[in-house]
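Reading through the structure tokens given below for one structure.
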Amino acid sequence: MINTEAFLLGFKSLKGARSPAIPLAACFIALGALLKDAGFNIQQSAASSFFTYALPGQLVMAESLLVGASILNIFLAVWLVNFRLYPMTVSLFPLLDHHSQPKWKYYLSCHFLAVTSWLIAKDSYKKINSKYRIDFWIGIGVGTWSTAILMTLIGFLAADLLNKDMLIGLAIVNPTYFFCMMIGAMKKISVSISIILGTILGPVIFLFSAEWSLLFAGLIAGSVGFLFGGNNDK
Amino acid sequence: MISSQVIILAITVTSLATFISRFMGAITSEKVSVKSKIFKWFNCVAYSTLAALIGRMIIFPAGVLAESEVIIRIIVFIICIALFIISKKNLVIPTIISAILLATFNSL
């Protein structure tokens, strides 16, 4: 049903010099401590990472709860900040597609789609036989997802041991890791333009519209990258 | 203190709002060919949205990161990217150093 060799290759991407385990651990430990601070119990904290598994959305949820936002507002704010997962899935899953594989694998494993797993999969899918790429992806997903849940628990339990400076230090690890991975992905002109322009437009548009900034910045920068880099790509 | 029911409801709507984008992506992917122009466009938009998120996380962060100075965050970020390039794209070194640097600078 699932090719063990491909699955384990994906799972083992947690190790080595490109390991996502450290940034995942850092940010979900910080999240676990934050959720405890927001009034979540240990089961609720673990359930949040188990069912949502998307850090920016979880941060938005915790902050919205603290300021007393309505449930509908939380839904919209999370949807807008996590909408990036839609283009990310569409730009990854066709690469993992194989006619012999059942659809349920794709429908269930889309839950593992997060920045970390996406960047690893985009970086390494070519090494895997196209028939087993979805199993490789499930391996990456199970590894990163379970790390996130475990680290949320550790963060919750260690919350009292972590001072504010330590938590701030942990919180910068994730954007640093993401951006370094993205520099590694800048091999095509279209992608390079998209990344550079997106980094600039994200905070600039935030000044005008906090909630819609990611969507607009992503659409504008990505479309510019596509139009101006499309014909020059290697 | 936020009530337990509100927290459970918030976790449920957060998970639902997140899964919708993932699942819609999986459905759309079935009709998208790797060689098509639309795939290339989606690829550019995925990278740019992610870059926008990182830019926002550094300049206008949510959560605990907001309690540090923006100029310190930018300096730490640039040092770590330089480390990544110098260390021949080793990811472990810059990520660990980023935490140590920001925690240290922030406590000064």
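These protein sequence lines are chains A and B, in that order. For any residue, its number in my numbering is found by taking its place in the first sequence, counting from 1, and adding 594. For any residue, its number in my numbering is found by taking its place in the second sequence, counting from 1, and adding 4. Here a beta-carbon is modelled for each residue, glycine too, at the ideal position from N, C-alpha and C.
| Item | Value |
| --- | --- |
| Within this structure, are the beta carbons of Leu608 (chain A) and Gly737 (chain A) separated by less than 7 Å? | yes |
| Spell out a yes or no on whether the region 748-762 of chain A and the region 19-39 of chain B are touching, meaning 3 or more CB-CB pairs, one atom from each, closer than 8 Å. | no |
| Answer with yes or no whether the minimum CB distance from Glu657 (chain A) to chain B is below 7 Å. | yes |
| Check whether the Cβ of Cys621 (chain A) lies closer than 7 Å to any Cβ atom in chain B. | no |
| For Gln638 (chain A), return the contacting residues in chain B, with the cut-off set at a CB-CB distance below 8 Å. | Ser8, Ile11, Ile12, Ile15 |
| Assign Gly626 (chain A) to buried or exposed, taking buried as 16 or more other Cβ atoms, counted over all protein chains shown, within 10 Å of its Cβ. | buried |
| Are the CB atoms of Ser642 (chain A) and Ile15 (chain B) nearer to each other than 7 Å? | yes |
| Is Trp806 (chain A) helix, strand or coil when you go by DSSP? | coil |
| Counting only the same chain and skipping the five closest in sequence on each side, list residues whose C-beta sits under 6 Å from that of Pro98 (chain B). | Cys84, Leu87, Phe88 |
| Cβ of Phe730 (chain A) within 7 Å of Cβ of Leu813 (chain A)? | no |
| Would Arg60 (chain B) pass as a contact of Cys704 (chain A) if the rule is Cβ separation under 7 Å? | no |
| For my contact list, Ala56 (chain B) and Gly651 (chain A) are in at a C-beta cut-off of 8 Å; report their separation, rounded to the angstrom. | Wrong, their Cβ atoms sit about 15 Å apart, outside the cutoff. |
| Does the Cβ of Val38 (chain B) have 16 or more other Cβ atoms within 10 Å, making it buried, or fewer, making it exposed? | exposed |
| Counting only Cβ-Cβ distances shorter than 8 Å, please list the residues of the region 743-770 of chain A near chain B, keeping chain order. | Lys758, Asp759, Met760, Leu761, Ile762, Gly763, Leu764, Ala765, Ile766, Val767, Asn768, Pro769, Thr770 |
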